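Structure first, then comments.
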Amino acid sequence: MIVVHRLVRLLVVLLVVTFLSYALLNLLPGDPVTQILGLSATEEARAQVRQDLGLDQPLLVRYLGWLGGLVTGDFGESYITRMPVASELAERLPVTLELLVAAQIIALGLAIPVGVAAARRAGRALDQALTALSFALLSTPVFVLGVLLILVFAVTWQVVPATGWTPISLDLGWNLTSVILPAITLGCGQLAVYARLLRTDLIATLQEDYITLARARGLSPRRILWRHALRPSAISLVTAVGLNLGALIGGTVIIETLFGLPGVGRLIVDSIFSRDYLTVQGGVVLISVGYVAVNFAVDLVYAAVDPRIRRA
Amino acid sequence: MKRWRTPATLMLAAAVMLACSGQRPVAAPQAGASGPVQGGRLVYGLSADANGFNPVTDQFAGQSYSMAGTIIETLTAVDANGGWKPNLAESLTPNERHDEWTIKIREGISFSDGIGLTGDVVRANLEAQKASPLNAAVLAPVKAIELVDPMTVKVELKQPWVAFPYYLDAQVGMIVPPASLKDPKAASLKPVGTGPFLFKEYVPDNRMVVTRNPRYWRQGLPYLDEIEFRILPDSQTRAQTLDAGGIDAMGTSRDEDLTKYGAQQDAYTVHRSEGMAVAEYMFMLNTTVAPLDDLRVRKALAHATDRETVISTLRGGLTEPADGPWSKDSKWYAEGGDYPAYDLDKAAALVKEVEAEKGPIRFEMISTPDPNTMQGIELAQDMWRKAGIDVTIKQADQADLINRAVTGNFAATVWTQFSAPDPDGEYIWMHQAYSQPVGKVSLNFTRFKDKQLSDAFDVGRTDPDEAARKKAYATVQQRLRELVPYVFIDHLNTGSIVARTKVHGIGEHRLPDGEKGLPLTGSPIPYHPFAQLWVDAQ
Numbered sequence: 001m002i003v004v005h006r007l008v009r010l011l012v013v014l015l016v017v018t019f020l021s022y023a024l025l026n027l028l029p030g031d032p033v034t035q036i037l038g039l040s041a042t043e044e045a046r047a048q049v050r051q052d053l054g055l056d057q058p059l060l061v062r063y064l065g066w067l068g069g070l071v072t073g074d075f076g077e078s079y080i081t082r083m084p085v086a087s088e089l090a091e092r093l094p095v096t097l098e099l100l101v102a103a104q105i106i107a108l109g110l111a112i113p114v115g116v117a118a119a120r121r122a123g124r125a126l127d128q129a130l131t132a133l134s135f136a137l138l139s140t141p142v143f144v145l146g147v148l149l150i151l152v153f154a155v156t157w158q159v160v161p162a163t164g165w166t167p168i169s170l171d172l173g174w175n176l177t178s179v180i181l182p183a184i185t186l187g188c189g190q191l192a193v194y195a196r197l198l199r200t201d202l203i204a205t206l207q208e209d210y211i212t213l214a215r216a217r218g219l220s221p222r223r224i225l226w227r228h229a230l231r232p233s234a235i236s237l238v239t240a241v242g243l244n245l246g247a248l249i250g251g252t253v254i255i256e257t258l259f260g261l262p263g264v265g266r267l268i269v270d271s272i273f274s275r276d277y278l279t280v281q282g283g284v285v286l287i288s289v290g291y292v293a294v295n296f297a298v299d300l301v302y303a304a305v306d307p308r309i310r311r312a
Numbered sequence: 001m002k003r004w005r006t007p008a009t010l011m012l013a014a015a016v017m018l019a020c021s022g023q024r025p026v027a028a029p030q031a032g033a034s035g036p037v038q039g040g041r042l043v044y045g046l047s048a049d050a051n052g053f054n055p056v057t058d059q060f061a062g063q064s065y066s067m068a069g070t071i072i073e074t075l076t077a078v079d080a081n082g083g084w085k086p087n088l089a090e091s092l093t094p095n096e097r098h099d100e101w102t103i104k105i106r107e108g109i110s111f112s113d114g115i116g117l118t119g120d121v122v123r124a125n126l127e128a129q130k131a132s133p134l135n136a137a138v139l140a141p142v143k144a145i146e147l148v149d150p151m152t153v154k155v156e157l158k159q160p161w162v163a164f165p166y167y168l169d170a171q172v173g174m175i176v177p178p179a180s181l182k183d184p185k186a187a188s189l190k191p192v193g194t195g196p197f198l199f200k201e202y203v204p205d206n207r208m209v210v211t212r213n214p215r216y217w218r219q220g221l222p223y224l225d226e227i228e229f230r231i232l233p234d235s236q237t238r239a240q241t242l243d244a245g246g247i248d249a250m251g252t253s254r255d256e257d258l259t260k261y262g263a264q265q266d267a268y269t270v271h272r273s274e275g276m277a278v279a280e281y282m283f284m285l286n287t288t289v290a291p292l293d294d295l296r297v298r299k300a301l302a303h304a305t306d307r308e309t310v311i312s313t314l315r316g317g318l319t320e321p322a323d324g325p326w327s328k329d330s331k332w333y334a335e336g337g338d339y340p341a342y343d344l345d346k347a348a349a350l351v352k353e354v355e356a357e358k359g360p361i362r363f364e365m366i367s368t369p370d371p372n373t374m375q376g377i378e379l380a381q382d383m384w385r386k387a388g389i390d391v392t393i394k395q396a397d398q399a400d401l402i403n404r405a406v407t408g409n410f411a412a413t414v415w416t417q418f419s420a421p422d423p424d425g426e427y428i429w430m431h432q433a434y435s436q437p438v439g440k441v442s443l444n445f446t447r448f449k450d451k452q453l454s455d456a457f458d459v460g461r462t463d464p465d466e467a468a469r470k471k472a473y474a475t476v477q478q479r480l481r482e483l484v485p486y487v488f489i490d491h492l493n494t495g496s497i498v499a500r501t502k503v504h505g506i507g508e509h510r511l512p513d514g515e516k517g518l519p520l521t522g523s524p525i526p527y528h529p530f531a532q533l534w535v536d537a538q
């Protein structure tokens, strides 16, 4: 039942989001025909291309036509490259997904111990130092952090390449080297948010009666922290991870541009600048589906993290 | 179990570090005593991806020429003196009136798919280009294309066109095999041509790899085994990638790159655009809308613009002030027609005169939102305000700005243009026949109509005598200085290629008949041929 409910919600979200994005894109000043033909095209050539692409049709007619195609799995063709939008997205999705997953692994892998350590020593020097570090990471723009990391790890130490992308299918080692700096850059901001969230929730949990009882029973502080306090304190963290994953599918554009990665974010932004409406629409569908799917998965994780939710 | 955890973790970390470190394996070139050596691999950083590699259907920019130019060749080429020379063509011969050109194709050239290059293939390509909406305006003077014999094509024109061969050095002169004409989509993704390299791999927004064509028609070329073009849009990380050794060469237009790499001559070479390849940075004015339809206002703007200050502030003093569309080191540059020099008093006097008749002078200037461009506009805004001209700035992205220019929905805008190898390349942008009212598509964006200037462009197009052409283009420059449809700022000769010293041959290529080729072409970031590039044996 929950799956059907989610699917209905996904359809509504898709309809609203795709129509709004279609309308907004068409309200943008600029003409896709000029982007396709360049400056030197004649009035007649422009009119012909406009007709060929159906751009002379009313907005609603074009939207419904696109929607009809979408139902049959046809995302349309890019105005600029004339490639199927679905294959363009499919080519780039693995890059963005790998970047996101790697960034989340780095962020969570560091945020959990950092958050736990800060909560355990709340108010002390370590907590204050970690708080300061978190704020420093939060307030550093990714393009600054990225350039700094390239300077240190690629230019000075030369342990990883500065830019570029090697697919997993070509070489796993080179794939890891090409994803590590972008993932750290992207993950650092998330790390700070996750660590702060976990620290706050953990401090609250550690003041619960059952924790006091556990202490009274003589359980070691480490066991209390990792076995009894961490899981119920992770609800906010799981929510944040879910929201971030969905939002970042299209939001990695700065990282992808900075490091020369051929991901979905870069494709969508480039397509907005070149008024490649159908490619942008395809991207919007992908992000919407991704967002809803990730948050559906997050709902399932809630139950696993906290049995009280499952029972409720 | 627990005691093994730390060593196992360390070993795993070491394995990951090992996998993640070291240089990408490359083919070792053969050593040569001196001069070019065969072999080796070049990694070349580009600032943007191409829209596609089909010269008939895809709009080409500098990066498209860099990548596709390794595979697809043109009928003509431009030499170091700016003259056109045959390339795939063996000769191009005009009739006496220059309204008919006979193109004889070189014998013994084949496409990499095995099809021979013939007159019929060239005719089919030119027909396709003429029918393409991309190039219809450029090839408007072409009346008919006929096959004279298996290796000869005749192009009939509606009017004499002296500079026609120059156009065959660009997109319209790139020759692809019949299969590419039949399947334009495949040709967009996997280019095929007669060129020195063969297509190997293309990953959009990431890289294109080409390998040596062992059956290339020019003996001994190319020198390199492989070229990888990396698409690195961020100029700072592109430079950092060069520093880190991730790429061997890159295109740039950043002043700081010129200064930085120019000071490291033992490690890098810097090749700057020169002559006609240099574009001009300017403020383009719509001469059909108030207040810029008044010549006094346009002159006041030019008088109030201190080009030297703009250059020292924005370009680190690296460029030259411009007073016309062609740079001073080009053979087409001519003095005369006094471009309004910086003189705030004159500007203020003109403004007062206009204000007395028509009231305050106000208009909107369009700019792309990038910080460097905005800085320049704000500088100009401040200079013009001192003369009494009130300018508001409106930001627009590239697509919006270009569309406004084409349809005339602007008063003034920042603009960069004019890097064609021959002045005739600017014909459609300035001739009055291409000027249309606001609201209609006009290739003459300033909508400026001047009979004297247009007649001079016609002479330049139709008269084969170089002295007569020079005189005509001197008139063009004179009229532009007198009538100020553009407020010229500087010649953007910061467009450069920076390479590690192990890379040789940039800007030193020879054309098939032995002449030295034009070193760099295009703007803002230039491009060049790759067949004669070579890397040091290591």
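Here the protein sequences line up with chains A and B, keeping their order. Going by the UniProt record's numbering, the residue at position 20 of the first sequence is 20; the numbering climbs one at a time, nothing skipped. Going by the UniProt record's numbering, the residue at position 205 of the second sequence is 205; the numbering climbs one at a time, nothing skipped. Backbone N, C-alpha and C fix where the C-beta goes; we use that ideal spot for every residue, glycine too. This structure is a prediction, so every number in the text was calculated from the model and none was measured.
Inter-residue spacing [alpha-carbon to alpha-carbon] between residue i and residue j
i               : j               : result
L492 of chain B : A411 of chain B : 23 Å
P29 of chain B  : R404 of chain B : Caution applies to P29 of chain B, whose pLDDT of 39 falls short of 50 and renders its modelled position unreliable; the model cannot decide the point.
T72 of chain A  : S271 of chain A : 23 Å
Y434 of chain B : E482 of chain B : 20 Å
S21 of chain B  : R215 of chain B : Low local confidence applies: a pLDDT of 44 at S21 of chain B is under 50, so the model's placement there is unreliable, and no value is given.
D490 of chain B : Y527 of chain B : 21 Å
T259 of chain B : W84 of chain B  : 33 Å
L137 of chain A : A124 of chain B : 60 Å
L267 of chain A : A48 of chain B  : 12 Å
R212 of chain B : Y44 of chain B  : 15 Å
G69 of chain A  : I287 of chain A : 18 Å
E320 of chain B : P519 of chain B : 20 Å
G246 of chain B : F259 of chain A : 12 Å
F19 of chain A  : N95 of chain B  : 59 Å
Same chain, Cβ closer than 6 Å to residue i, neighbours up to 5 away in sequence not counted
i               : result
R121 of chain A : D127
P191 of chain B : F53, A68, I71, I72, F199
T279 of chain A : S78, V85, S271
Residues bridged to residue i [DSSP beta-bridge criterion]
i               : result
A244 of chain B : Beta-bridge pairing links A244 of chain B to no other residue.
F283 of chain B : B:V414, B:V487
D390 of chain B : B:R362
S110 of chain B : B:G116
E157 of chain B : Just to set this straight, residue 157 of chain B is Leu in the shown sequence, not Glu. In the DSSP output, where bridge partners are listed per residue, L157 of chain B has B:V142.
K185 of chain B : DSSP output for K185 of chain B lists no bridge partner at all.
Interface partners of residue i on chain B, CB under 7 Å
i               : result
G54 of chain A  : The premise fails here: G54 of chain A is roughly 16 Å from chain B at the closest Cβ pair, so nothing lies under 7 Å.
D31 of chain A  : N403
S274 of chain A : A399
Same chain, Cβ closer than 8 Å to residue i, five either side skipped, listed in chain order
i              : result
L42 of chain B : L224, E226, I227, E228, D248, A249, V503, F530, L533, V535
L99 of chain A : V179, P182, A183, L186, T252, I255, E256, L261, G263
L10 of chain B : Note that L10 of chain B scores a pLDDT of 46, beneath 50, so its modelled location is shaky and nothing firm can be said.
Chain B residues whose Cβ lies nearer than 9 Å to that of residue i
i               : result
I112 of chain A : In chain order: nothing, as chain B lies at least about 17 Å away.
E91 of chain A  : V203, P204
Beta-carbon contacts of residue i that lie in its chain and below 7 Å, excluding the five residues immediately before and after
i               : result
D294 of chain B : V354
E90 of chain B  : K104, I105, R106
L401 of chain B : I366, T368, T413
Where residue i meets chain A, residues with beta-carbon distance less than 9 Å
i               : result
S188 of chain B : T81, R82, M83
Listed by chain order, chain A residues near residue i by CB distance under 7 Å
i               : result
L232 of chain B : T163, G260
T241 of chain B : A162, T163
N51 of chain B  : I80, T81
I428 of chain B : S40
Chain-ordered chain E contacts of residue i [CB-CB under 9 Å]
i              : result
T42 of chain A : No chain E is present in this structure, whose protein chains are A and B.
Chain-ordered chain A contacts of residue i [CB-CB under 8 Å]
i               : result
T237 of chain B : G146, V147, I150, A162, T163, L258, F259, G260
Cross-chain neighbours of residue i in chain B, by beta carbon under 8 Å
i              : result
G38 of chain A : Q59, L134
Note down, in chain order, all residues in the segment 393-408 of chain B with a beta-carbon under 9 Å from any beta-carbon belonging to chain A. A396, D397, Q398, A399, D400, L401, I402, N403, R404, A405, V406, T407
Taking only beta carbons into account, state which residues of the segment 244-275 of chain B come closer than 9 Å to chain A, listed in chain order. A244, G245, G246, I247
Return the residues of the segment 118-148 of chain B that lie within a Cβ-Cβ distance of less than 7 Å from chain A, sorted by chain order. P133, L134, A136, A137, V138
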